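J.: Just so you know, the protein sequences line up as chains B and S, in that order. If you read the first sequence in our numbering, its first letter stands for residue 90, the second for the next number, and so on. If you read the second sequence in our numbering, its first letter stands for residue 2, the second for the next number, and so on. Ideal Cβ positions, reconstructed from N, Cα and C, are used throughout, including at glycine. Bear in mind the structure is a predicted one, so any value in this text is a computation, not a measurement.
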Amino acid sequence: MAGTRRQDGLDHVDLSYPPEAEEFRAELRAWLTANIPAAWTEPGFWATVGEDEAFDLRRDWERRKALAGFAGIDWPVEYGGRGGTPAMRAIHDSELVRARAPRSVNSLGLVFLAPTVMAVGTPEQKADIIGPMLRNEVIWCQGFSEPDAGSDLAALRTRGVLDGDEFVVNGQKVWTTFAGRGDRIFTMVRTEPGSSRHRGLSLLLIDMHAPGVEVRPIRQMSGVSEFGEVFLTDVRVPASQCLGGIGNGWATAMLLLSFERGAAGISQYTAYRQAYDEIVRVARALGRAGDPVLRQELARRRVELECLHYQAMHVLTEVEQGRDLGASSSVTKLQWSQAYQGLFETFDELLGADVALLRPTADLDLTALRQESFWTRSVTIWGGSSQVQRTIVAERVLGLPRGS
Amino acid sequence: MYFALTDEQRALAETVRAFLADRFDLRAVRAVVDDERGDGHPADLWRAIGEQGWLSVCVPPEHGGLGLGLLDAQVIAREFGAGVVPGPWATTVLAGAAVRRVGSPEQAAAVLGPLGAGELVATVALRGPGGRFGRSGIAVRADAAGRLDGAASGVEYAHVADVIVVAATEPVAATEPATEPATEPATEPVAVPTGGGSGRGDGGVGLYLLERGGDGVRIERQASIDGTTRLAALTLTGAPAVRLPGSDAAALADLLRRGAVLAAADLAGVARAALTRTVAYDTERVQFGRPVGSFQALAHHLADLHVAVTMAEHAVLYAAHALDEGRPDADLAVAVAKSKANQAAGDATAAMVQYHGGIGYTWEHDTHFFYKRAKRLVAAFGDSRQHLEHLARLTVDTVG
Numbered sequence: 090m091a092g093t094r095r096q097d098g099l100d101h102v103d104l105s106y107p108p109e110a111e112e113f114r115a116e117l118r119a120w121l122t123a124n125i126p127a128a129w130t131e132p133g134f135w136a137t138v139g140e141d142e143a144f145d146l147r148r149d150w151e152r153r154k155a156l157a158g159f160a161g162i163d164w165p166v167e168y169g170g171r172g173g174t175p176a177m178r179a180i181h182d183s184e185l186v187r188a189r190a191p192r193s194v195n196s197l198g199l200v201f202l203a204p205t206v207m208a209v210g211t212p213e214q215k216a217d218i219i220g221p222m223l224r225n226e227v228i229w230c231q232g233f234s235e236p237d238a239g240s241d242l243a244a245l246r247t248r249g250v251l252d253g254d255e256f257v258v259n260g261q262k263v264w265t266t267f268a269g270r271g272d273r274i275f276t277m278v279r280t281e282p283g284s285s286r287h288r289g290l291s292l293l294l295i296d297m298h299a300p301g302v303e304v305r306p307i308r309q310m311s312g313v314s315e316f317g318e319v320f321l322t323d324v325r326v327p328a329s330q331c332l333g334g335i336g337n338g339w340a341t342a343m344l345l346l347s348f349e350r351g352a353a354g355i356s357q358y359t360a361y362r363q364a365y366d367e368i369v370r371v372a373r374a375l376g377r378a379g380d381p382v383l384r385q386e387l388a389r390r391r392v393e394l395e396c397l398h399y400q401a402m403h404v405l406t407e408v409e410q411g412r413d414l415g416a417s418s419s420v421t422k423l424q425w426s427q428a429y430q431g432l433f434e435t436f437d438e439l440l441g442a443d444v445a446l447l448r449p450t451a452d453l454d455l456t457a458l459r460q461e462s463f464w465t466r467s468v469t470i471w472g473g474s475s476q477v478q479r480t481i482v483a484e485r486v487l488g489l490p491r492g493s
Numbered sequence: 002m003y004f005a006l007t008d009e010q011r012a013l014a015e016t017v018r019a020f021l022a023d024r025f026d027l028r029a030v031r032a033v034v035d036d037e038r039g040d041g042h043p044a045d046l047w048r049a050i051g052e053q054g055w056l057s058v059c060v061p062p063e064h065g066g067l068g069l070g071l072l073d074a075q076v077i078a079r080e081f082g083a084g085v086v087p088g089p090w091a092t093t094v095l096a097g098a099a100v101r102r103v104g105s106p107e108q109a110a111a112v113l114g115p116l117g118a119g120e121l122v123a124t125v126a127l128r129g130p131g132g133r134f135g136r137s138g139i140a141v142r143a144d145a146a147g148r149l150d151g152a153a154s155g156v157e158y159a160h161v162a163d164v165i166v167v168a169a170t171e172p173v174a175a176t177e178p179a180t181e182p183a184t185e186p187a188t189e190p191v192a193v194p195t196g197g198g199s200g201r202g203d204g205g206v207g208l209y210l211l212e213r214g215g216d217g218v219r220i221e222r223q224a225s226i227d228g229t230t231r232l233a234a235l236t237l238t239g240a241p242a243v244r245l246p247g248s249d250a251a252a253l254a255d256l257l258r259r260g261a262v263l264a265a266a267d268l269a270g271v272a273r274a275a276l277t278r279t280v281a282y283d284t285e286r287v288q289f290g291r292p293v294g295s296f297q298a299l300a301h302h303l304a305d306l307h308v309a310v311t312m313a314e315h316a317v318l319y320a321a322h323a324l325d326e327g328r329p330d331a332d333l334a335v336a337v338a339k340s341k342a343n344q345a346a347g348d349a350t351a352a353m354v355q356y357h358g359g360i361g362y363t364w365e366h367d368t369h370f371f372y373k374r375a376k377r378l379v380a381a382f383g384d385s386r387q388h389l390e391h392l393a394r395l396t397v398d399t400v401g
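1. Alpha carbon to alpha carbon, how far is L294(B) from T211(B)? Give it in angstroms, no decimals.
2. Using DSSP's beta-bridge definition, name the partner residues of M402(B).
3. Given 8 Å as the limit, is there contact between the stretch 338 to 358 of chain B and the stretch 387 to 405 of chain B, that is, 3 or more CB pairs closer than that?
4. If the cut is a Cβ gap below 8 Å, which residues of chain B does D163(S) touch?
5. Any beta carbon from chain B within less than 9 Å of S340(S)'s own beta carbon?
6. Would you grab the beta carbon distance between D237(B) and R248(B) for me? Rounded to a whole angstrom, and I think it's under 8 Å.
7. Can you list the residues of chain B that E390(S) reaches, using a CB-CB cut of under 8 Å?
8. Bridge partners for W546(B) per DSSP, in chain order?
9. Could you check whether S417(B) and V477(B) sit closer than 9 Å to each other, using their CB atoms as the reference points?
10. Under 8 Å: do the stretch 243 to 263 of chain S and the stretch 68 to 85 of chain S share three or more Cβ pairs, one atom per stretch?
11. Assign S426(B) to buried or exposed, taking buried as 16 or more other Cβ atoms, counted over all protein chains shown, within 10 Å of its Cβ.
12. Within its chain, find whatever has a CB closer than 6 Å to the CB of F25(S); leave out the 5 residues flanking it on each side and keep chain order.
13. At a Cβ threshold of 9 Å, is A316(S) touching chain B?
14. Which residues does DSSP list as the beta-bridge partners of D325(S)?
15. Under 9 Å between the Cβ atoms of Y348(B) and M277(B)?
16. List in chain order: all unbroken alpha helix (DSSP H) runs of 4+ residues lying wholly within the stretch 315 to 382 of chain S.
17. Whose Cβ in chain S lies nearer than 7 Å to the Cβ of D103(B)?
18. Can you give the Cα-Cα distance for V337(S) and F382(S), rounded to whole angstroms?
19. Which word fits I218(B), buried or exposed, when buried means at least 16 other C-beta atoms lie within 10 angstroms of its C-beta?
20. Excluding the 5 residues flanking G492(B) on each side, which residues of the same chain have their C-beta closer than 7 Å to its C-beta?
21. Strictly by DSSP, which residues pair up with D182(B)?
22. If R136(S) sits next to V85(S), beta carbons under 8 Å apart, how far is it from one beta carbon to the other, in whole angstroms?
23. Contact criterion: CB-CB distance below 9 Å. Does R279(B) meet it with respect to chain S?
24. My output table needs one value for E181(S): the three-state DSSP class, helix, strand or coil.
25. Quick one: using the 10 Å Cβ neighbour count with 16 as the cut-off for buried, is L446(B) buried or exposed?
26. Could you have a look at A145(S) and say whether DSSP puts it in helix, strand or coil?
27. If you count every other CB in all the chains shown that lies within 10 Å of the CB of R219(S), and 16 or more means buried, which is it?
28. Nearest chain B C-beta to V397(S) closer than 9 Å, yes or no?
29. Could you run through the stretch 459 to 489 of chain B and flag, in chain order, every residue whose CB is less than 9 Å away from some CB of chain S?
30. Tell me, please, whether the CB atom of G147(S) is closer than 9 Å to any CB atom in chain B?
31. D303(B) bridges to which residues according to DSSP?
32. If we call anything under 9 Å between Cβ atoms a contact, is Y158(S) one with T92(S)?
33. Which residues in the same chain have their Cβ closer than 6 Å to the Cβ of W164(B), if we skip the five residues on either side of it in sequence?
34. What first and last residue would you give for the beta strand (DSSP E) that runs through F289(S)?
35. Closest Cβ-Cβ distance between Y365(B) and chain S: below 9 Å?
36. Give the residues of chain B in contact with H357(S), contact being defined as C-beta atoms less than 8 Å apart.
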């Protein structure tokens with residue numbers, strides 16, 4: 090008996106995607122099959138390529154994908170997008186993971202800046218920014234954090250002083266992804282002298298090749314240098330390169346950060362499931378997949394991954410129904426970051442005495458998983474640390490009184 | 002893609018919540034808890050539940066029911082958990098599911114109509130003394146004539162049930178080859194994979210309908226930590242019973258999965274209520290000159306609990322849907338839902354006691370209703386160890 094099905098035609102739990110979304114999936118899958126070199130899909134391939142070469146390969150590949158029509162999936166057609174639905178966007182992201190496609194090199198621009206420009210940009214900014222970004226002709230960085238303004242963004246001190254129709258910008262940004270490879274950076278700058286906290290800020294779009302911009306890479310605990318510091322010394326920025334209005338930077342930044350990828354959880358689930366299966370294979374290769382304690386731990390991690398999938402489907406539903414996500418993005422962040430990090434804690438545990446070895450046996454190379462394991466330590470810090478997210482949930486979801 | 006409660010289901014939840022606030026609040030629960038010798042089955046409540054149609058959710062329309070699924074039943078189960086409601090609602094729904102799925106048309110006609118109308122109380126007896134949920138935990142044997150011998154323990158509301166669905170091992174019919182494995186696995190999954198044959202020969206398990214007052218049936222109340230239910234031991238001595246003709250090992254596994262989802266839904270409700278009540282208390286309670294809920298140590302833990310409870314709610318929704326639709330991942334989804342609900346409710350009710358301070362440790366306060374109900378249900382229809390080991394079989398042993 091297949092259970093009872095409602096005949097009332099109302100929305101009801103339904104895990105399928107509409108036919109047009111599935112057609113899109115088939116089309117994309119075929120393109121990916123034909124356009125990803127087989128070597129790239131080998132586990133560990135990207136760890137064997139130098140950082141410069143890897144970046145160039147990813148940048149060019151992503152550009153070809155865009156030219157084939159598989160970019161800006163849920164953007165309006167007038168901006169060069171595909172005019173698709175949030176579900177199609179989720180399918181796109183998930184299929185890329187499934188096919189082991191290279192990760193985007195322009196995601197901060199694509200995810201955050203582009204929709205903000207569409208919402209509040211001038212016609213000139215829209216024409217100038219969106220197309221070149223979509224084709225990876227311009228790589229965008231984000232310049233929000235500073236040495237003394239991490240979780241507390243409003244403490245930022247980089248200042249811009251209007252001189253004629255240009256701002257003269259001085260200051261320092263940090264934790265900038267792809268700082269060494271970026272062409273332009275969207276930056277929070279204090280443009281009203283003497284202002285404090287959320288007032289007197291502007292979001293400036295700065296040319297990273299301009300005089301006075303200096304970038305220093307930061308080597309991460311994993312050994313790679315995807316992040317960097319950006320030093321700004323008397324950098325001249327035309328006033329026309331302010332997005333969202335001078336002095337209106339805080340509101341613009343909040344709008345920008347609200348473009349959380351509502352559908353991102355679906356592809357994260359796909360990615361973490363791949364990691365789960367790889368970790369299981371390692372456990373088996375080391376003869377530890379029968380350990381009853383380890384099995385309990387692996388199963389517990391799997392529970393959290395499945396819950397992430399449910400949360401992602403729920404968020405996608407809310408987005409498609411046009412409902413306000415509110416502070417639920419903090420719930421999503423806590424769930425995905427902790428599920429992902431926890432999975433790799435179990436990876437470390439199952440290695441036992443071999444945890445310090447990159448190649449515990451002749452035919453087991455753990456370099457890629459080890460890199461990923463280190464990476465998971467960062468995911469509970471960036472994008473709003475777990476502590477910040479818990480405060481948001483406590484105050485805005487549970488309604489607990491604010492701490493002093 | 003639609004993964005959320007419907008407006009209708011939200012309205013149903015609101016109706017149940019409003020009914021309980023009006024007609025069966027925590028003072029009424031307390032009266033049941035304190036009346037330890039009472040039957041734990043308030044007649045007014047049961048009558049109202051029948052009138053509201055909350056027993057007929059899973060009864061097919063041809064027997065006068067609403068013909069809905071577990072997806073709707075879990076909405077009610079969650080609210081009953083949130084209200085720590087006593088009574089045999091869940092056991093009656095579950096016994097009804099067994100009759101509906103593997104009973105004969107005559108059995109269905111006899112049981113489901115009265116059951117949906119609230120005229121019949123039913124329960125399930127699936128586990129022997131000290132036994133686990135699953136085939137290896139059964140301590141009742143059936144003979145070829147359908148007479149039952151043995152014992153069942155921790156049976157909810159057996160003392161008021163008109164009908165009891167009993168799981169029993171069966172002799173392998175001489176004419177059929179035995180396919181039962183020679184040795185049972187050390188850790189038995191709570192749910193045996195579905196689709197494995199049918200009839201008496203294959204697994205040696207059947208489900209039987211037993212009437213309370215029949216010959217050879219002894220029911221003795223068992224003292225319980227959870228005053229929001231009543232438990233009893235069943236001793237059967239040649240008790241005549243009627244087999245549900247479609248029942249087999251797969252039917253038992255299916256029943257355990259449904260029980261696990263209803264228990265998980267109840268736990269999700271317990272957890273949500275424990276969290277909400279704790280937030281309310283800690284918003285008012287002032288120490289060191291400020292509400293204790295403003296202290297980050299509490300606030301952050303409560304935020305984590307909100308995440309966990311939200312995930313448990315999602316997991317229950319998914320598992321109920323997966324069972325209703327017969328999805329291939331239903332087995333996995335049930336194990337996820339029960340273990341997540343176990344964790345969320347265990348943590349949330351322990352936090353409820355802790356964050357009420359000294360008053361939370363008293364009999365006078367309501368915290369212990371939630372804590373103890375969670376304790377019981379966490380172990381019901383498979384504890385976390387059992388579900389996680391099953392999940393490991395499904396996700397570790399199957400990776401290619």
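T.: Checking against the coordinates, here is how it stands:
1. Pairing T211(B) with L294(B), the inter-Cα distance amounts to about 13 Å.
2. DSSP lists no bridge partner for M402(B).
3. Yes, the stretch 338 to 358 of chain B touches the stretch 387 to 405 of chain B.
4. Chain B residues near D163(S): none, gap ~24 Å exceeds 8 Å.
5. yes
6. Contact doesn't hold; Cβ gap of about 13 Å is too wide.
7. Residues of chain B passing the Cβ test: P381, R384, Q385, A388.
8. Missing from the structure shown is residue 546(B); chain B here goes from 90 to 493 and no further.
9. no
10. yes
11. buried
12. L46
13. yes
14. BP columns for D325(S) are empty, so no partner.
15. Looking at the sequence itself, residue 348(B) is Phe, so the reference to Tyr does not match. Their beta carbons are not under 9 Å apart, which means F348(B) does not touch M277(B) by this criterion.
16. Taken in chain order, the complete alpha helix (DSSP H) segments of 4 or more residues contained in the stretch 315 to 382 of chain S are 331 to 355, 368 to 380.
17. M2, Y3
18. 13 Å
19. buried
20. Within its own chain, no residue has a Cβ closer than 7 Å to the Cβ of G492(B) once the five positions on either side in sequence are excluded.
21. DSSP output for D182(B) lists no bridge partner at all.
22. Rounded, the Cβ-Cβ distance is 31 Å, inconsistent with contact.
23. For R279(B), not one C-beta of chain S is nearer than 9 Å to its own C-beta.
24. Because the pLDDT at E181(S) is just 44, under 50, the model does not fix this residue reliably, and the value given afterwards should be weighed accordingly. Of the three classes helix, strand and coil, the one that applies to E181(S) here is coil, per DSSP.
25. It is exposed - the Cβ of L446(B) has fewer than 16 other Cβ atoms within 10 Å.
26. coil
27. It is exposed - the Cβ of R219(S) has fewer than 16 other Cβ atoms within 10 Å.
28. yes
29. S475, Q476, Q478, R479, T480, I481, V482, A483, E484, V486, L487, G488, L489
30. no
31. The amino acid occupying residue 303(B) in the given sequence is Glu; Asp does not appear at that position. Paired residue(s): F320(B).
32. yes
33. G170
34. F289(S) -> no beta strand (DSSP E), and no H or E assigned at all.
35. Output row for Y365(B): interface = yes.
36. Going along chain B, no residue has its Cβ under 8 Å from H357(S), so there is no contact; the nearest lies around 15 Å.
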